[in-house]
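**Q**
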Amino acid sequence: RLVNTGTPVTFVAIDCDRLKLINDTQGHQEGDRIITLLAKAIKTSIRKSDYAIRLGGDEFCIILVDYAADLAIHLPERIIRNLQIIAPDKTVHFSAGIYNMQPNDTINDAYQASDAQLYLNKQQKQHRSS
Numbered sequence: 001r002l003v004n005t006g007t008p009v010t011f012v013a014i015d016c017d018r019l020k021l022i023n024d025t026q027g028h029q030e031g032d033r034i035i036t037l038l039a040k041a042i043k044t045s046i047r048k049s050d051y052a053i054r055l056g057g058d059e060f061c062i063i064l065v066d067y068a069a070d071l072a073i074h075l076p077e078r079i080i081r082n083l084q085i086i087a088p089d090k091t092v093h094f095s096a097g098i099y100n101m102q103p104n105d106t107i108n109d110a111y112q113a114s115d116a117q118l119y120l121n122k123q124q125k126q127h128r129s130s
């Protein structure tokens, strides 16, 4: 509906990196702490008009509404800064994929495109960390 009105909508897929290793070496309680820290950093990095959704496990989707597409690329850096404030003693690694919705895209199209970009970045080892 927003895309049909000409309102820019950007999808950002985020996935925690190395979470299995953390769970295996430090325990699931520490893995859960990392997920919670990332969720808090995401929440403090977006506006009230945006949406942050935990899809399950260590995967998140952020929907930026009426947000300049060229500014969306700076969101991962903002998340990193907020992680450093929230938990300066922790290093959290994540990958992100960003996709600007096109007029004929469905929500599923936009999510799949942002998720594909995330995995491309992950394969190319373009991780983000705090």
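The opening position of the sequence shown corresponds to residue 1 in UniProt numbering, with each subsequent residue numbered one higher. Using N, Cα and C, we set each Cβ at its ideal position, and we do this for glycine too.
1) Looking only at its own chain, which residues have a Cβ that is under 8 Å from the Cβ of THR7, when we skip the five neighbours before and after it?
2) Could you give the distance in angstroms between the alpha-carbon of ARG33 and the alpha-carbon of SER95?
3) So, with DSSP's three-state summary, where would you put HIS28?
4) With DSSP as the reference, identify every bridge partner of ILE53, one or two as the case may be.
5) Secondary structure at ALA96, three-state DSSP: helix, strand or coil?
6) Taking ALA13 as part of the beta strand (DSSP E), name the residues at either end of that continuous run.
**A** According to the data block:
1) Result list for THR7: VAL65 and ASP66, in chain order.
2) So the alpha carbons of these two residues sit roughly 18 Å apart.
3) HIS28 falls in the helix class under three-state DSSP.
4) Paired residues: CYS61.
5) Strand.
6) From DSSP, the beta strand (DSSP E) with ALA13 extends over 9 to 16.
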